[in-house]
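First to last, the protein sequences are chains A, B and C. Using full-length UniProt numbering, the first residue of the first sequence is number 1, and each one after it goes up by one. Using full-length UniProt numbering, the first residue of the second sequence is number 1, and each one after it goes up by one. Using full-length UniProt numbering, the first residue of the third sequence is number 1, and each one after it goes up by one. A short worksheet on the structure shown next.
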Amino acid sequence: MKRIVAAVAMALTLTACGANSDPLSNEPASSGAAGGGAVTVGSANFPESQLLAEIYSQALEAKGVKVTRKFNIGAREVYLKALQDGSISLLPEYNGALLAALSPNGIPAGVSSPDAVLTELKKVLPSGTEVLAQSAAEDKDTLTVSADTATKNNLKTIEDLKAVAPTLVAGGGPEFSERQQGLKGLKEVYGVEFKEWKPLDPGGPLTVNALKDGDIQVANLFSTDSSIVTNKFVTLADPKNLFTSQNIIPLIRKEANSATVTGALDAVSGKLTTENLTSYLAQVQVDKKDITVVAKAFLSENGLG
Amino acid sequence: MNFSYLTDPAHWDPSNPGSIPNLILSHLGYTALALLIGAVIALPVGLYIGHTGKGSFIAINAGNAGRSLPTLGLLMLMVTLLGLGLLPVLIALTVLVIPPILTSAYAGMRNLDHRVVDAARGMGMRPWQVLTRVELPMALPIMLSGFRNAALQVVATATVAAAVGLGGLGRLLIDGLAVNDYSRVLAGAIVVAALAVLVDLFLALIQRLIVSPGLKGS
Amino acid sequence: MIQYLTNNHEIVWQALQEHLYLALLPILFGFAISLPLGYLAVRFSWLYHPLINTFGVLYSIPSLALFVFLPVILGTKVLSPVNVVVALTVYTVALLARTVADGLRSVDPVVVQAATAMGYRRTRRLIDVELPIALPVVLAGLRVATVSNISLVSVGSLIGIGGLGQLFTRGFQLFYLEPILVGIILSVVLAAIADLIIVLVQRAVTPWTRAA
Numbered sequence: 001m002k003r004i005v006a007a008v009a010m011a012l013t014l015t016a017c018g019a020n021s022d023p024l025s026n027e028p029a030s031s032g033a034a035g036g037g038a039v040t041v042g043s044a045n046f047p048e049s050q051l052l053a054e055i056y057s058q059a060l061e062a063k064g065v066k067v068t069r070k071f072n073i074g075a076r077e078v079y080l081k082a083l084q085d086g087s088i089s090l091l092p093e094y095n096g097a098l099l100a101a102l103s104p105n106g107i108p109a110g111v112s113s114p115d116a117v118l119t120e121l122k123k124v125l126p127s128g129t130e131v132l133a134q135s136a137a138e139d140k141d142t143l144t145v146s147a148d149t150a151t152k153n154n155l156k157t158i159e160d161l162k163a164v165a166p167t168l169v170a171g172g173g174p175e176f177s178e179r180q181q182g183l184k185g186l187k188e189v190y191g192v193e194f195k196e197w198k199p200l201d202p203g204g205p206l207t208v209n210a211l212k213d214g215d216i217q218v219a220n221l222f223s224t225d226s227s228i229v230t231n232k233f234v235t236l237a238d239p240k241n242l243f244t245s246q247n248i249i250p251l252i253r254k255e256a257n258s259a260t261v262t263g264a265l266d267a268v269s270g271k272l273t274t275e276n277l278t279s280y281l282a283q284v285q286v287d288k289k290d291i292t293v294v295a296k297a298f299l300s301e302n303g304l305g
Numbered sequence: 001m002n003f004s005y006l007t008d009p010a011h012w013d014p015s016n017p018g019s020i021p022n023l024i025l026s027h028l029g030y031t032a033l034a035l036l037i038g039a040v041i042a043l044p045v046g047l048y049i050g051h052t053g054k055g056s057f058i059a060i061n062a063g064n065a066g067r068s069l070p071t072l073g074l075l076m077l078m079v080t081l082l083g084l085g086l087l088p089v090l091i092a093l094t095v096l097v098i099p100p101i102l103t104s105a106y107a108g109m110r111n112l113d114h115r116v117v118d119a120a121r122g123m124g125m126r127p128w129q130v131l132t133r134v135e136l137p138m139a140l141p142i143m144l145s146g147f148r149n150a151a152l153q154v155v156a157t158a159t160v161a162a163a164v165g166l167g168g169l170g171r172l173l174i175d176g177l178a179v180n181d182y183s184r185v186l187a188g189a190i191v192v193a194a195l196a197v198l199v200d201l202f203l204a205l206i207q208r209l210i211v212s213p214g215l216k217g218s
Numbered sequence: 001m002i003q004y005l006t007n008n009h010e011i012v013w014q015a016l017q018e019h020l021y022l023a024l025l026p027i028l029f030g031f032a033i034s035l036p037l038g039y040l041a042v043r044f045s046w047l048y049h050p051l052i053n054t055f056g057v058l059y060s061i062p063s064l065a066l067f068v069f070l071p072v073i074l075g076t077k078v079l080s081p082v083n084v085v086v087a088l089t090v091y092t093v094a095l096l097a098r099t100v101a102d103g104l105r106s107v108d109p110v111v112v113q114a115a116t117a118m119g120y121r122r123t124r125r126l127i128d129v130e131l132p133i134a135l136p137v138v139l140a141g142l143r144v145a146t147v148s149n150i151s152l153v154s155v156g157s158l159i160g161i162g163g164l165g166q167l168f169t170r171g172f173q174l175f176y177l178e179p180i181l182v183g184i185i186l187s188v189v190l191a192a193i194a195d196l197i198i199v200l201v202q203r204a205v206t207p208w209t210r211a212a
């Protein structure tokens, strides 16, 4: 069976190589990168990442770079593999979360400002990849509770959670449970352990609705999510900086980078702020506008399109 | 990729809500409920169509029409409409099991040897007696094979429930994937495949017990 | 829904193309593999049960797991469409090899003996007599495999390669009905068209079945 499977795979690879015009051709985006060749843009499986990836894509296309989109791949654990094996060559990333994912022993003590995180991050990047200039826009992982839960238990910071956590159910993306910047870190840094963990979706409507309906009492939401304000949720402060800084930053394979690519992405990062990102994201999440439309609006309203 | 997740005793501890035995239970729960609801809806319809021959077109095409509905899409549609809970999963999985049950009930009734039915009538059996004592027992092998098919499909497909935040063995796949723990994904695949084989063996046993010995010769 | 389509026709079109490619290539490969396998299972009858049981187990491996493992087994890239194509080929073979074997076994031995008596050698007899007689059963299996492949492709969207399934996950991440509906409808229509094509081919190549 294995041999048959291998033979089929080989046959397929051959067909794929033959058909260059094929939209599914999985050749790495290395060819002719120096002159602003093809870039394969990937994204995580939540809307903000897809919006940022679309903004990057359109900004590159505006400069004549050929772009292939492979969005919605999965969690960081999955898309980093795709970046390393060359399936994709560019991703919107978050400096602190990426640093945490690449630091098996945790982020060194005292590293929390955007610049310190960036310096550390550059030391641990996977070989063959680099990060470009980071933007001022930040989107942090948060622990968020309903207004009710907050008043009832007098919760303002994650530290306040410690005493009541064993009676509370928390929920969020499945990956949060095993991350240092997740349940692991919450236990180590704050001593917070929940009664139960419900794996839902990363900062998505399942988690928001579960919090609204009381199925969970604590949610891992992203700070740029406009539903936090809309639903009067309370985001708990993070005095021990577990979630560090989370500035948006392009992560790219070196061979896909060029002066044109860097120029286009630096211009995007220069215009991104937490405020405008939140409002453009709300157009996607609340008004259900399409990502392509919102990305286009971002670029033209900021003089980039 | 290794077997460490599967062999770690901590993952078999029933007191932990995410442990394999509990996931098996919720998985079997979804499966059994979907099969039950599906059978309650599809059996009478399939039997009726097969018995009367009215609406054969529906029975013949229900199979392919049902198979062409993507379960993941249906499930995401239902959760988007109805919110998180058991109901969306049950709807999506029931839609999956109805076609094979309906089609096989129909085929079982259609493939009856009409001489036997005529003989039963000739013996003075009433229509109800012909149905329950002759037609149904004779249609049973085909009906049950359709039911086994449905069960196999739903055991393998119930894993999608985890993609919308619910339980079942799909949790091992979705969570394993999200945290890049292949040994967990492997554990999920093995347990699901084993469960499918066991469920099929169990149904085969039931089939042996309830199918009339007179029908087994062929 | 119309507005969704006009705003996103490019994405939808791309998803549709990807979907078609991911669903139909496995049918071609699977069919090509199943024919000899099914024949072997009939020619050497001791092979029949082991083969059927192996494929039964393969069929019950959840597709998501297969999509995830194949890069490890084959050394392919994690986002390579090869993974989805190979996984669906495995399912296709699991379904079709059995159908081919059952179709060949359903050929009346008297017909085979008559053909032998007329001087047909084994290979010619297989191609000219047994296969055509088995064809209606085989094509019925092909219909099932094609339609289920088309709906299974969308599971790939959980790992970022799922054709129309990408519309499901997009919609689901925003609780936005339109893309999900568009994806479901297109997927069902695609399956119906593929099914219809096989039925038409079946009618063209087995004219004798219509007489009955």
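Even glycine gets a Cβ: it sits at the ideal position worked out from N, Cα and C.
Taking residue i as the reference, which of the options has the closest Cα?
i, options, result
"S148 of chain C", "C:A115, C:R121, C:V189 and C:S45", "C:V189"
"S60 of chain C", "C:S187, C:T92, C:V78 and C:I193", "C:T92"
"D113 of chain B", "B:V134, B:G46 and B:S183", "B:V134"
"V68 of chain C", "C:V57, C:G56 and C:P81", "C:P81"
"T167 of chain A", "A:G96, A:I216 and A:L277", "A:I216"
"G46 of chain B", "B:D181, B:R115, B:L201 and B:V97", "B:V97"
"T71 of chain B", "C:F29, C:R125 and C:V155", "C:V155"
Mind pulling the chain A residues with CB within less than 8 angstroms of residue i?
i, result
"R184 of chain B", "Chain A residues near R184 of chain B: none, gap ~10 angstroms exceeds 8 angstroms."
"T169 of chain C", "N45 and N72"
So with CB distances below 9 angstroms, who are the chain B contacts of residue i?
i, result
"E151 of chain C", "This sequence places Ser at residue 151 of chain C; Glu is not what is there. Near S151 of chain C (Cβ distances below 9 angstroms), the residues of chain B are R67, S68, L69, P70, T71, L72 and G73."
"G173 of chain A", "A178"
Cβ closer than 7 angstroms: which chain B residues qualify as neighbours of residue i?
i, result
"A75 of chain A", "A178"
"V57 of chain C", "A193 and V197"
"residue 229 of chain C", "Residue numbering for chain C in the displayed model covers 1 to 212; residue 229 of chain C lies beyond these limits and cannot be assessed."
With 9 angstroms set as the bound, which would you pick, yes or no: does the beta-carbon of residue i sit closer than that to a beta-carbon of chain C?
i, result
"S21 of chain A", "Residue placement at S21 of chain A is poorly supported in this model, since its pLDDT is 38, which falls under 50; the coordinates are not used for a value here."
"A165 of chain A", "no"
"D225 of chain A", "no"
"T31 of chain B", "no"
Output, in chain order, the set of chain A residues within a Cβ distance shorter than 9 angstroms of residue i.
i, result
"L84 of chain B", "L200, L206, N209, A210, D213 and D215"
Kindly list the residues whose CB is nearer than 8 angstroms to the CB of residue i, restricted to its own chain and excluding five residues on each side of it in sequence; keep chain order.
i, result
"A237 of chain A", "K156, T157 and I158"
"L203 of chain B", "L144, F147, R148 and A151"
"P88 of chain B", "L75, M78, V79, L81, L82 and V164"
"F172 of chain C", "I180"
"residue 308 of chain A", "With chain A running from 1 to 305 in the structure shown, residue 308 of chain A is simply not present."
"A120 of chain B", "Q129, V130, R133 and V134"
Given that residue i touches chain B, what residues does it touch there, using C-beta distances under 8 angstroms?
i, result
"V78 of chain A", "L177, A178 and N180"
"E93 of chain A", "Result: empty, since nearest Cβ-Cβ is about 16 angstroms, beyond 8 angstroms."
"I184 of chain C", "L69, P70, G73, L74 and L77"
Mind checking if residue i is an interface residue toward chain B, Cβ cutoff 9 angstroms exclusive?
i, result
"E178 of chain A", "yes"
"V138 of chain C", "no"
"T6 of chain C", "no"
"N26 of chain A", "Residue confidence for N26 of chain A is low, a pLDDT of 43 falling below 50, so the modelled location carries little weight; the figure read from the coordinates is stated next. Output row for N26 of chain A: interface = no."
"F298 of chain A", "no"
"Y21 of chain C", "no"
"R143 of chain C", "yes"
Below 7 angstroms CB to CB, which residues in the same chain sit around residue i once its five sequence neighbours on both sides are set aside?
i, result
"A196 of chain B", "L152, V155 and A156"
"G63 of chain B", "P99, P100 and T103"
"A295 of chain A", "L51, E54, I55 and Q58"
Give me the chain C residues within the contact set of residue i, using Cβ-Cβ distance strictly less than 8 angstroms, ordered along the chain.
i, result
"I88 of chain A", "L79"
"Q283 of chain A", "Residues of chain C passing the Cβ test: none, with the nearest at roughly 11 angstroms."
"V293 of chain A", "N7"
"A189 of chain B", "I61, P62, A65, L66 and F69"
I'd like to know whether the C-beta of residue i is nearer than 9 angstroms to at least one C-beta of chain D.
i, result
"L158 of chain C", "Of the protein chains in this structure, namely A, B and C, none is chain D."
How about residue i: is its Cβ closer than 8 angstroms to a heavy atom in the ligand MG?
i, result
"V185 of chain B", "Looking for the ligand MG in the displayed structure turns up nothing, as the structure carries no ligands at all."
Establish whether the CB of residue i and some CB of chain A are separated by less than 9 angstroms.
i, result
"V89 of chain B", "no"
"T94 of chain B", "no"
"Y39 of chain C", "no"
What residues from the region 9-26 of chain B come within 7 angstroms of chain C, judged by C-beta to C-beta, listed N to C?
Listed by position, the residues of the region 9-26 of chain B near chain C (Cβ gap below 7 angstroms) amount to none.
Can you pull out the residues from the region 240-272 of chain A whose beta carbon lies closer than 7 angstroms to at least one beta carbon of chain C?
Those residues of the region 240-272 of chain A that come within reach of chain C (Cβ to Cβ, closer than 7 angstroms) do not exist; the list is empty.
Looking at chain A, which residues of the region 148-173 of chain B have a Cβ within less than 8 angstroms of any of its Cβ atoms?
Listed by position, the residues of the region 148-173 of chain B near chain A (Cβ gap below 8 angstroms) are A162, V164, G165 and R171.
Contact list for the region 197-214 of chain B against chain C, Cβ threshold 8 angstroms
Here the close residues are V197 and D200.
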